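Residue 1 is where the sequence shown starts when you use the UniProt record's numbering, and the numbers rise one by one after that.
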Amino acid sequence: MKVISVVGYKKSGKTALVSALVRNLSGLGTVGTVKHMGEQRLNPADTDTGRHFDAGADVVIGITGTEAAGTELVSFSRNFNLEHALDQLCDQGIDFAVVEGFKESKLPKIVIGDLQEISNVVFRVPTDIDMHEELTSSLVGVALAQPDRYTLEALIKKARKNPAIRKAGAIGTFTGIVRELAGNERTSKLEFEKYEPEASKALDCIREDLKKKEGILEVLIHHKTGVIKAGEDIVYIVIAAAHRTELFPALNEAIERIKAEAPIWKKEFTEKEEFWVHDRE
Numbered sequence: 001m002k003v004i005s006v007v008g009y010k011k012s013g014k015t016a017l018v019s020a021l022v023r024n025l026s027g028l029g030t031v032g033t034v035k036h037m038g039e040q041r042l043n044p045a046d047t048d049t050g051r052h053f054d055a056g057a058d059v060v061i062g063i064t065g066t067e068a069a070g071t072e073l074v075s076f077s078r079n080f081n082l083e084h085a086l087d088q089l090c091d092q093g094i095d096f097a098v099v100e101g102f103k104e105s106k107l108p109k110i111v112i113g114d115l116q117e118i119s120n121v122v123f124r125v126p127t128d129i130d131m132h133e134e135l136t137s138s139l140v141g142v143a144l145a146q147p148d149r150y151t152l153e154a155l156i157k158k159a160r161k162n163p164a165i166r167k168a169g170a171i172g173t174f175t176g177i178v179r180e181l182a183g184n185e186r187t188s189k190l191e192f193e194k195y196e197p198e199a200s201k202a203l204d205c206i207r208e209d210l211k212k213k214e215g216i217l218e219v220l221i222h223h224k225t226g227v228i229k230a231g232e233d234i235v236y237i238v239i240a241a242a243h244r245t246e247l248f249p250a251l252n253e254a255i256e257r258i259k260a261e262a263p264i265w266k267k268e269f270t271e272k273e274e275f276w277v278h279d280r281e
């Protein structure tokens, strides 16, 4: 899933720009949006969903309408943030996510006006923009240029879309996470850097080699970069195979080859020190 954020001052035209992006991206794939809505409450205390939520429910899902007329679903959750919202869109197999607001996030941003001290700015447009065709095309290009975001569920959905899945008897997955405790040492986080384009080439080579093996129908790999906290996911591997006897060796080979062949550097942060792991090996 490609993710782009639109930020600017209040009433600077963010919603108009987001709407134009959504209209154009929807011709290229499925689109989801996330909007920062301030402090307003969508499930007031005098509604049934509000009463459920205030009583202590962690998740409340409201469904309106009937099956014949079509339904709408809204979900209220506690301790839900932008990352969770994006993962939820990704889990649904959405191709593009357009975020309105959240100027403090680390997302790639299209900035309207002279808003300053914003990180990861990939494009700027003037206030009171005229969304002409040339500018819209440029913004779509900016969105398409962003790196792909994946969840495990999104990769499984992608594997299921492969026509070869009709021959599959199993889908197996591997999820690598940040180990917090190793002996007496506590790791708070890891930081990963990819040496591109070589890292992507190495992962593609591993995928293609494994797909040549008997019974292996699909191989998908996604390795995250940046800072990843203890307990969080690092790498996903999804393999579809005709039989389980072919599946498990392929999963093991995939992760071993990623560690040995892909130029992805890992920095470890413990209670006592921080260091690049390859310097210790």
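Glycine included, every Cβ here is placed at the ideal spot set by N, Cα and C. Just so it is clear, the structure is predicted and the values come from calculations on it, not from any experiment.
Check whether residue i and residue j have beta carbons under 8 Å apart
i, j, result
"THR33", "VAL98", "yes"
"ILE264", "HIS223", "yes"
"ILE239", "ILE216", "yes"
"ALA241", "ALA159", "no"
"VAL74", "GLY56", "no"
"LEU89", "MET1", "yes"
"ALA143", "LEU17", "no"
"GLU72", "THR66", "no"
Cβ-based neighbour list, residue i, same chain, cut-off 6 Å, excluding 5 preceding and 5 following
i, result
"GLU191", "VAL227 and LYS267"
"VAL60", "THR49, HIS52, PHE53 and PHE76"
"VAL7", "LYS103, LYS109 and VAL111"
"ARG124", "VAL111"
Residues near residue i by beta carbon distance below 7 Å, same chain, minus five either side
i, result
"LEU107", "VAL3, SER5, VAL99 and ASN120"
"THR187", "VAL178, ARG179, GLU180, ALA230, GLU268, PHE269 and THR270"
"LEU251", "GLY172, PHE174, ILE237 and ILE239"
"GLY29", "ASP95 and PHE96"
Given residue i as reference, the closest of the options once Cα atoms are compared
i, options, result
"PHE248", "LYS161, THR173 and VAL22", "THR173"
"LYS194", "SER12, LEU89, VAL235 and ASP87", "VAL235"
"ILE165", "GLU198, LYS211 and GLY27", "LYS211"
"residue 282", "VAL31, GLY65 and ALA45", "Outside the displayed range of the chain (1 to 281) lies residue 282, so it cannot be described from this structure."
"PRO163", "GLU218, PHE123 and ALA199", "GLU218"
"ALA199", "GLY27, GLY29, LYS161 and ALA260", "ALA260"
"VAL122", "LYS161, GLY141 and GLU246", "GLY141"
"LEU21", "GLU117, LYS11, HIS132 and ARG78", "HIS132"
"ASP128", "GLU246, ARG280, SER12 and LYS272", "SER12"
Neighbourhood of residue i by C-beta, 8 Å cutoff - its chain only, sequence neighbours within 5 removed
i, result
"PRO126", "ILE112 and GLY113"
"LEU203", "ILE221, HIS223, ILE258 and ALA262"
"LYS14", "VAL6, VAL7, GLY8, GLU100, GLY101 and ILE112"
"ARG244", "GLY169, ALA170 and GLY172"
"THR225", "PHE192, GLU193, LYS194 and ILE264"
"LYS272", "GLU185"
Span separating the alpha-carbon of residue i from that of residue j
i, j, result
"LYS103", "GLY176", "30 Å"
"LYS35", "GLY101", "6 Å"
"PHE80", "ASP58", "10 Å"
"GLU208", "ASP130", "45 Å"
"LYS201", "LEU42", "46 Å"
"ARG23", "ILE206", "37 Å"
"MET37", "LYS189", "31 Å"
"GLU214", "GLU253", "14 Å"
"ALA45", "GLU274", "48 Å"
"LEU115", "SER105", "14 Å"
"ILE255", "HIS278", "17 Å"
"GLY27", "ASP233", "32 Å"
"HIS84", "GLU39", "18 Å"
"PRO197", "GLU246", "30 Å"
"ARG280", "SER19", "50 Å"
"TRP276", "LYS10", "43 Å"
"LYS167", "LYS161", "12 Å"
"ARG78", "ILE118", "28 Å"
Inspect the CB distances between the region 172-187 and the region 132-143 and report whether three or more fall short of 8 Å.
no
Contact between the region 79-94 and the region 153-169 (3+ Cβ pairs under 8 Å): yes
Cβ pair count under 8 Å reaching 3, the region 37-53 against the region 141-151: no
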